[in-house]
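Notes follow once the structure below has been shown.
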Amino acid sequence: MNEDELWLSDEIGDEDDEDFIGPSSFTMALTYQGPPGEFRTRNKQGQRQRPTVSSFRAGPRKKPAFTVSCNAKAMVHGEMGGFSSKMATLLIYEFQFRSYRGARLKEADILFEFKPLPGATGRVSVAQVRPDGVHKMERTEQLEGHSVWAGITGAPMQAIGVEVGADRTVEKITGHHTVVTGDRPQDDWGDYYEARFALYENKSQGDGIPSKLTACILLERDDDQDFVCVPTISVKPNFTTAVATLFSSRDPDDPVYFNVDEPPVDLLEGRVKIDPTNLAATRLDEAWDCTMYNNYQGAVKPSQPSPA
């Protein structure tokens, strides 16, 4: 696709931008409709346990507006351990969100659905996820005010049809955060087949979602049958212009097929101990991580005298 080539779509502009659009402006939604499969991560012939779950971008390959990737840091099959006789699988994934040229990502939604292979009977359920629940960070405060009209009843000499009152301003301090959530929602039958994660930017700051998220999923299995994961990763970008909003559409990534006989994959460099015979004992709170940005302290240096 040519860098300057954009296709029109019926997408509606983001509501957050409406306040910045003047009466003489308009909102135009643009969707890049690339060739089928261009933004789809596919399995190689007969591939099992694909380490790169997803990788996609918006815009030309050499000058993207943003890139998103999900890669495995650990894939370990074994036993739940403790008082459980169940089999288990521990999955740890690293998500990276990169923005360029003034663009930013203000939301991301991640859904992993686990299923038995077609024809298999073994049940696969999500036992634990990390992060779990709502985690707030990067708190900021903002002073907000709005006008309140206070009417006065029974005012002396009030003219008929004339409202008497006073206009006053009410101010309050509101708190805003960058938010990361994790959950394992139940289906209609009460089973836990899904792991869901979401990231939201600080709406007051508008500085984007975290650049990196390491998430953990502990699966409980009835037996040693192979299973499959169907990943869905979507993001909402927000560009600096109020005239146009760019959306990216793509084909779904291929499912990830897991073979429980595969040797363990552990790229955590010893940061977390993983025992395949007792996966439930893994300290998931130490394994998951979130990075907003890296604060480099060495940018300011003393001047050096020029060589004679």
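Here the sequence shown stands for residues 1 to 308, where the numbers follow UniProt numbering. Each residue gets a CB set at the ideal place from its N, CA and C atoms; glycine is no exception. Keep in mind the model is a prediction, meaning the values are calculated, not measured.
Close beta carbons around residue i, own chain, < 7 angstroms, minus the five adjacent residues each side
{"i": "Gln186", "result": "Tyr192"}
{"i": "Asp109", "result": "Ala198, Ser234"}
{"i": "Leu111", "result": "Glu194, Arg196, Thr232"}
Buried versus exposed, by CB contacts within 10 Å (16 or more), residue i
{"i": "Asn202", "result": "buried"}
{"i": "Leu284", "result": "buried"}
{"i": "Val256", "result": "buried"}
{"i": "Pro237", "result": "buried"}
{"i": "Glu5", "result": "Here the model assigns Glu5 a pLDDT of 35, short of 50, so the residue's position is not dependable, and the following value carries that caveat. The residue in question, Glu5, is exposed, as its Cβ has fewer than 16 Cβ neighbours within 10 Å."}
{"i": "Ser99", "result": "buried"}
{"i": "Gly59", "result": "buried"}
Same chain, Cβ closer than 6 angstroms to residue i, neighbours up to 5 away in sequence not counted
{"i": "Arg57", "result": "Pro64, Thr67"}
{"i": "Ser24", "result": "Residue placement at Ser24 is flagged as unreliable, the pLDDT there being 33, under the threshold of 50; the coordinate-derived value follows with that caveat. There are no such residues."}
{"i": "Ala120", "result": "Gln225"}
{"i": "His135", "result": "Val180"}
{"i": "Glu107", "result": "Tyr200, Lys236"}
{"i": "Ser69", "result": "Ser55, Gln96"}
Nearest residue (CA-CA) to residue i, options the options
{"i": "Thr140", "options": "Ile173, Pro302, Thr121, Asp266", "result": "Ile173"}
{"i": "Leu117", "options": "Arg48, Pro60, Pro305", "result": "Arg48"}
{"i": "Asp224", "options": "Asp275, Arg184, Gly298, Val260", "result": "Val260"}
{"i": "Arg221", "options": "Asn71, Pro210, Ala88, Ser303", "result": "Ala88"}
{"i": "Tyr293", "options": "Pro305, Thr282, Thr169, Glu138", "result": "Glu138"}
{"i": "Phe95", "options": "Ser303, Gly102, Glu113, Pro51", "result": "Pro51"}
CB-CB length for residue i against residue j, believed under 8 angstroms
{"i": "Leu218", "j": "Leu90", "result": "6 angstroms"}
{"i": "Asp289", "j": "Thr214", "result": "4 angstroms"}
{"i": "residue 332", "j": "Asp253", "result": "Any question about residue 332 goes unanswered here, given that the chain covers just 1 to 308."}
{"i": "Phe258", "j": "Asp207", "result": "About 37 angstroms; that fails the 8 angstroms criterion."}
{"i": "Phe97", "j": "Ser211", "result": "6 angstroms"}
{"i": "Arg184", "j": "Val129", "result": "5 angstroms"}
Sequence-distant residues of its chain with Cβ nearer than 8 angstroms to residue i (five each side left out)
{"i": "Leu268", "result": "Lys73, Ala74, Ile92, Ile274, Ala287"}
{"i": "Pro276", "result": "Val76, His77, Gly78, Glu79, Pro264"}
{"i": "Gly81", "result": "Ala88, Asp275, Thr277, Asn278, Leu279, Ala280, Ala281"}
Output the residue ranges of the beta strand (DSSP E) runs that lie fully inside the region 178-224 and measure 3 residues or longer, sorted by chain position. 194-200, 212-221
Entirely enclosed alpha helix (DSSP H) segments - the region 238-307, minimum 4 residues: 284-287
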